[in-house]
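Visitor: Residue numbers (UniProt numbering), protein chains in the order written: chain A, 1 to 454; chain B, 1 to 454.
2 protein chains.
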Amino acid sequence: MSKRKIKLGAFVPGISQHLAGWRHPQARPQDNHSLAYFVELAKTAERGLFDAYFLADIPVSVDPDRTANLGLNANNTGLEPITLFSALSAVTQHIGFIATASSTYEQPYSLARKFASLDHLSQGRAAWNVVTTAQPEAAKNYGLEQAPLPQARYERADEFINVAQKLWDSWEDDAFSYDKASGEFFDGSKVHAPRFKGKHIAVDGALNIARPPQGYPVIVQAGQSEDGRELAAKYAEVIFTAQQNLSDAQSFYRDVKQRLSKYGRHADDVKIMPGVSIFVAATEAEARAKYDELNSYIHPSVGLMLLHALGGFTEDLSQYDLDQPLPAHIGQLSHGASRQQLILDIARKNNFSIRQLYQWIASARGHWTLIGTPAQIADQLQQWFENDAADGFNILPPTTPASLDDFVDSVVPELQRRGLFRTAYEGKTLRDNLGLKRPENQYVLARRYTEHAS
Amino acid sequence: MSKRKIKLGAFVPGISQHLAGWRHPQARPQDNHSLAYFVELAKTAERGLFDAYFLADIPVSVDPDRTANLGLNANNTGLEPITLFSALSAVTQHIGFIATASSTYEQPYSLARKFASLDHLSQGRAAWNVVTTAQPEAAKNYGLEQAPLPQARYERADEFINVAQKLWDSWEDDAFSYDKASGEFFDGSKVHAPRFKGKHIAVDGALNIARPPQGYPVIVQAGQSEDGRELAAKYAEVIFTAQQNLSDAQSFYRDVKQRLSKYGRHADDVKIMPGVSIFVAATEAEARAKYDELNSYIHPSVGLMLLHALGGFTEDLSQYDLDQPLPAHIGQLSHGASRQQLILDIARKNNFSIRQLYQWIASARGHWTLIGTPAQIADQLQQWFENDAADGFNILPPTTPASLDDFVDSVVPELQRRGLFRTAYEGKTLRDNLGLKRPENQYVLARRYTEHAS
């Protein structure tokens, strides 16, 4: 068996991960709706042998009638991930595609079909990042007055993934006979209908597409809450998590891996991949200068808006001196609570001024941030990887495309020199590259048990 | 002004239009989930200078627990049109993409986003074929016990297109400033939210994608009923219709074009494109042999199943002599009524035997069928085109890929020789090629009126 290797996701929005990264001289925000631009980015990530390209998504944009635009910024416009990745399928060979889609607002029959279609188009490179979409504005875009409560959202997510897997299993792998001589197009005994009636979801019939090449697209999840961890333990194969230091990352890693056995799963069935924002250059001083440069582009009002939105602070922070710490007592809203607590903890632990806090959030929205030389960055990643804190990382380049190029050209070769990262793709599908099993069809499994029992 | 030219849609499923077309020696049903195969087909259609590639879709597959599989056949599995066309966007230059999607079961915010994304990916080549999905099985795949009644489906379709247009107008064409110097990413006065509350649909916020290159994707519609015609007159820019003879086609053409003025639209704002199934060869006898060959592949039981499903007959037709006409009195279900009446009319008018009737339906599901030499085919198309019966045609090749090749290689050159069809694409977008105006943004229009009034 070959040595365990780091898995890498490229979390690369068209505009930029850092709040003000689009103001970098090389940034190309005007290309945010251009397929040609994303083809370049995907090919760079593929040159860097990334396992997958990862795109976030939220069914909400800026609100023209609110000055604050809570939680929203320029990244809230752009190409839709499933369609964009479908297009990229035609012009890439190896890289996987992690598309974010909401289990709260999408319809299972439609979404399962689209992911199956993406998996066929890409010949087995599709993954679904399941999000439950906490934002209250999203509910209003789908005819609801307010978002369902977290518990209801997670119950629905559970039912959604469950029925999606049934839908993907509708046609056994060898159901289609295509027999021109006899006229038999498919074997009717190898078609199955979910007949699913849950608390939140009902889906009756078979899906109108063949079983995906990967069996199921890879399931990705990012919840940090108790409900989120439990859903991840049950279904997730990749976990995108925000961790700030080795010991917290180890504790999360251990917690989730331990939960798997309850669902008959093995620790290797899930790859835990924390997000990490990387500023890298030949010297530490140059790397630090890159961090400072992007921060210099942040308008204080925009920084405070982000802090307000992600931190959920109930007071207007502009009334305080930005170069002093947050006041000792400060109110926070309750939705998205784990992220909000993290932000407050970081502020207290580092004794950040308000300005330093929004600068820190601006670069990676609460994810781990590394600033240094390729060797320094690799040291840190290696430490986490080799000490039960991570199976890989989702790389968050602060400015697109420059920081992605930096990572591919300097950190990837360093990781390869250390034998920590692949020098060629291992297999054809995303599952092959991630080292994940292709799931068996549940109806075939059920038949095998029945036959064995009788 | 250049001479009016025929518009052409390529209605080409991966398996085949003719019920048994997949049994043709050159058919490749095993490639139905292969992007490479559809790239070949799209490039053939583009070589033939088709305006658009057209794909039907229905969110239902075969039912494993019913022997009859009402209304369903091998075409009810395959790649999803929006994702497939997104992939084809990356490897084609000119051809438009007409994707079918249901206004009854999709969510407006999600669907408007996906069509906008396809329009950006293809640089202005997207079209949406709006269907209301009559099939009762579809409702059960979306948590409903039964399909909404036709009137409710059409009311919802009206609201759906209305709100989709508002969503596409969320960002004015020049809303994004991308000003790195000032830090202004967009001009907040050029963002608009629908704030839409209808009887069936409510959508609050702005769409999370820039306005599509075409303003709106081209709206395509195929309803023949009174409700369908009225919806088409209000919104449709391309109408896909099933007409059997010149006088019926003229009467439909006149009726729809006359309805437009009620909505402030001009007769040229909609292109009426009947479907036509074409068997073409160097001699009429060879063309007839192609028709007979495909019909010889139809199992009587499959033919009767199709007749049962599309005709909505309430009796089991296998009890009758297949080589005799339908009995004088025969019951029919009520949903999809216009198609069912058409089938009965055709049977009576031609004095078809039951076998001849299912053979006729098997080739084009009730669409016009032409069998002959390139000149004979062109004569017929020219007659309809020059006599107010059609602005173009949706070509239904009976077997894929052979019949598409036949049409491109023999009928297209004949139409070009007659000056009836383009010899090069006129413009960059589907609207350019179809001769359709790019719609103005409704919020810009409203502001202009307000400014003019004040």
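The beta carbon of each residue, even a glycine, is placed where N, CA and C say it ideally should be.
Values in this document were obtained by computation on a predicted structure and should not be read as measured data.
According to DSSP, which residues form a beta bridge with residue 460(A)?
Guide: Since the first residue shown for chain A is 1 and the last is 454, residue 460(A) is missing from the structure and cannot be characterised.
Visitor: Considering only residues of the same chain and omitting the five flanking positions on each side of residue 438(B), which have a CB-CB separation below 7 Å?
Guide: Around residue 438(B): 214, 215 and 431.
Visitor: Could you list the residues in the region 423-451 of chain B with a C-beta less than 7 Å from some C-beta on chain A, going in chain order?
Guide: Per Cβ criterion, the list is empty.
Visitor: For chain B, check one thing: does any of its Cβ atoms lie closer than 8 Å to the Cβ of residue 125(A)?
Guide: No - not a single Cβ of chain B is within 8 Å of the one on residue 125(A).
Visitor: Could you work out which residues of chain B lie near residue 7(A), taking near to mean beta carbons separated by less than 9 Å?
Guide: The premise fails here: residue 7(A) is roughly 25 Å from chain B at the closest Cβ pair, so nothing lies under 9 Å.
Visitor: Quick one: does residue 133(A) have its CB under 8 Å from some CB of chain B?
Guide: No, residue 133(A) lies away from the interface with chain B (no Cβ there is under 8 Å from its Cβ).
Visitor: Near residue 58(B), what residues of its chain come up, given a Cβ to Cβ distance below 7 Å and the 5 sequence neighbours on each side ignored?
Guide: Within the same chain, residue 58(B) has close Cβ partners 76, 133, 135 and 138.
Visitor: So does the region 93-103 of chain B actually touch the region 87-96 of chain A, counting three or more Cβ pairs closer than 8 Å?
Guide: Contact fails: fewer than three Cβ-Cβ distances are below 8 Å.
Visitor: Assign residue 71(A) to one of three DSSP states: helix, strand, or coil.
Guide: For residue 71(A), the predicted model reports a pLDDT of 37, less than 50, meaning its position is unreliable and no value from the coordinates is stated.
Visitor: If you compare alpha carbons, which of 116(A), 55(A) and 194(A) is closest to residue 442(A)?
Guide: It is 194(A).
Visitor: Can you tell me which of 436(B), 10(B) and 280(B) puts its alpha carbon nearest to the alpha carbon of residue 124(B)?
Guide: Residue 436(B) is the option with its Cα nearest to residue 124(B).
Visitor: Would you tell me roughly how many angstroms separate the C-alpha atoms of residue 414(A) and residue 423(B), rounded to the nearest one?
Guide: Rounded to the nearest angstrom, the two C-alpha atoms are 55 Å apart.
Visitor: Please compile the residues from chain A whose C-beta is within a distance smaller than 8 Å of the C-beta of residue 141(B).
Guide: 109, 203, 204 and 205, listed in chain order.
Visitor: Identify the contact partners of residue 17(B) in chain A, using a Cβ-Cβ distance below 7 Å as the criterion.
Guide: Simply none; closest approach about 15 Å.
Visitor: Please determine if the region 382-393 of chain A and the region 346-356 of chain A are in contact, where contact requires at least 3 C-beta pairs separated by less than 8 Å.
Guide: Not touching, per the Cβ criterion.
Visitor: With 16 as the cutoff for other CB atoms within 10 Å, does residue 316(A) come out buried or exposed?
Guide: So residue 316(A) counts as exposed.
Visitor: Roughly how far, in whole angstroms, is the beta-carbon of residue 79(A) from the beta-carbon of residue 120(B), given that I think they are within contact range, below 8 Å?
Guide: Yes, they are in contact, since the Cβ atoms of residue 79(A) and residue 120(B) sit about 6 Å apart, within 8 Å.
Visitor: Would you report the Cα separation of residue 56(A) and residue 191(B), rounded to the nearest angstrom?
Guide: In a straight line, the C-alpha of residue 56(A) is about 22 Å away from that of residue 191(B).
Visitor: With 16 as the cutoff for other CB atoms within 10 Å, does residue 151(B) come out buried or exposed?
Guide: When all chains shown are included, residue 151(B) counts as exposed.
Visitor: When you compare only the Cα positions, how much space is there between residue 26(A) and residue 37(A)?
Guide: Straight-line Cα distance between these residues: approximately 13 Å.
Visitor: Closer than 6 Å by C-beta to residue 403(B): which residues in its own chain qualify, once you throw out the five before and the five after it? Chain order, please.
Guide: Excluding sequence neighbours, residue 403(B) sits near 397.
Visitor: Taking only three categories from DSSP, how would you classify residue 145(B)?
Guide: It is coil, neither helix nor strand.
Visitor: Which chain B residues are close to residue 180(A), counting only those with a beta carbon under 9 Å from its beta carbon?
Guide: The answer, in chain order, is 22, 23, 24, 25, 27, 29 and 297.
Visitor: Using a 10 Å radius around the Cβ and a threshold of 16 neighbouring Cβ atoms, would you call residue 324(B) buried or exposed?
Guide: By the neighbour-count rule (16 or more Cβ atoms within 10 Å), residue 324(B) is not buried but exposed.
Visitor: Cβ closer than 7 Å: which chain A residues qualify as neighbours of residue 137(B)?
Guide: What residue 137(B) touches in chain A: 205.
Visitor: Using the beta-carbon count (16 or more within 10 Å), is residue 24(A) buried or exposed?
Guide: Answer is buried; the Cβ neighbour count reaches 16.
Visitor: How many Å lie between residue 199(A) and residue 49(B) at the Cα?
Guide: Computed Cα separation, rounded: 51 Å.
Visitor: Just reading off the alpha helix (DSSP H) that residue 295(B) is part of, what are its end residues?
Guide: Run containing residue 295(B): 284-296, per the alpha helix (DSSP H) assignment.
Visitor: Residues of chain B with CB under 9 Å from residue 105(A), in chain order?
Guide: Here the neighbours are 107, 109 and 110.
Visitor: At what residues does the beta strand (DSSP E) containing residue 114(B) begin and finish?
Guide: Here residue 114(B) belongs to no beta strand (DSSP E); instead the alpha helix (DSSP H) covers 108-121.
Visitor: Out of 222(B), 83(B), 147(B) and 43(B), point me to the one whose CA is closest to residue 131(B)'s CA.
Guide: Minimum Cα distance to residue 131(B) is reached at 222(B).
Visitor: Output the distance between the C-alpha atoms of residue 72(A) and residue 127(B), rounded to the nearest integer angstrom.
Guide: Confidence at residue 72(A) is low in this model, with a pLDDT of 42, below 50, so its placement is unreliable and no value can be given for it.
Visitor: Let's test the definition: count the other Cβ atoms within 10 Å of the Cβ of residue 18(B) and tell me whether it reaches 16, buried, or not, exposed.
Guide: So residue 18(B) counts as buried.
Visitor: Which value, in whole angstroms, describes the spacing of the CA atoms of residue 5(B) and residue 265(B)?
Guide: C-alpha separation (whole angstroms): 21 Å.
Visitor: Does residue 159(B) pass the burial test, meaning 16 or more other C-beta atoms within 10 Å, or should it be called exposed?
Guide: It is buried - the Cβ of residue 159(B) has at least 16 other Cβ atoms within 10 Å.
Visitor: Would you mind stating whether residue 273(A) and residue 392(A) have Cβ atoms separated by less than 8 Å?
Guide: Yes, they are a contact pair.
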